[in-house]
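S.K.: Residue numbers (the UniProt record's numbering): 1 to 103.
Positions of the beta carbon are idealized from the N, C-alpha and C atoms, including for glycine.
Note that the structure is predicted; figures quoted are calculated from it, not measured.
The structure follows.
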């Protein structure tokens with residue numbers, strides 16, 4: 001998947017196929033998609049919005065998120081935003097959680 005025209009199904013399938021590795025390598029407990037890809041409204045310029053929950057007591061969270069972002073960018077050639085549910089701003093939290101599709 002080197003081009004920018006990734007579909008909703010491509011993204012979900014990529015996460016499903018790589019989920020065991022993603023959880024192990026990046027200490028993920030949950031991973032989901034929100035935003036335009038979750039609603040299947042993405043355009044060629046859309047970034048990918050991920051929501052993750054990390055294992056309790058995970059260290060080096062900034063580095064892990066950076067590596068995770070780079071992993072997705074390398075394989076999907078898209079900009080990646082990563083959010084964690086507990087740090088979502090209250091004014092956008094309900095909207096994001098309404099869209100989220102956990103994989």
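Applying the criterion that 16 or more other CB atoms from any shown protein chain within 10 Å of the CB defines a buried residue, is residue 49 buried or exposed?
M.R.: For the purposes of this step, residue 49 is taken as residue 49 along the chain shown, with counting starting at 1. Classification of residue 49: buried, given that the 10 Å Cβ count is 16 or more.
S.K.: Counting only runs that start and end within the stretch 74 to 102, where is the alpha helix (DSSP H) found for 4 or more residues in a row?
M.R.: Complete alpha helix (DSSP H) runs here, min 4: 90 to 99.
S.K.: Below 6 Å CB to CB, which residues in the same chain sit around residue 40 once its five sequence neighbours on both sides are set aside?
M.R.: One-based indexing of the chain shown puts residue 40 at position 40. Within the same chain, residue 40 has close Cβ partners 8.
S.K.: Grab me the residues of residue 64's own chain with a C-beta within less than 8 Å of its C-beta, minus the 5 sequence neighbours each way, in chain order.
M.R.: Your numbering for residue 64 matches position 64 in the chain shown. Counting only Cβ-Cβ distances below 8 Å, and skipping sequence neighbours, we find 26, 27, 54, 58.
S.K.: Which same chain residues, not among the five before or five after residue 47, have their C-beta less than 7 Å away from its C-beta?
M.R.: Position 47 of the chain shown, counted from the first residue, corresponds to residue 47. Correct list, in chain order: 78, 79, 80, 81.
S.K.: Roughly how many angstroms lie between the CA atoms of residue 5 and residue 86, to the nearest whole one?
M.R.: Taking the chain shown and counting its residues from 1, the one referred to as residue 5 is at position 5. Taking the chain shown and counting its residues from 1, the one referred to as residue 86 is at position 86. Taking the straight line joining both Cα atoms gives about 31 Å.
S.K.: Between residue 30 and residue 52, how many whole angstroms is the CB-CB distance? I'm expecting something under 8 Å.
M.R.: Taking the first residue of the chain shown as position 1, residue 30 is located at position 30. Taking the first residue of the chain shown as position 1, residue 52 is located at position 52. Contact holds; Cβ gap of about 7 Å.
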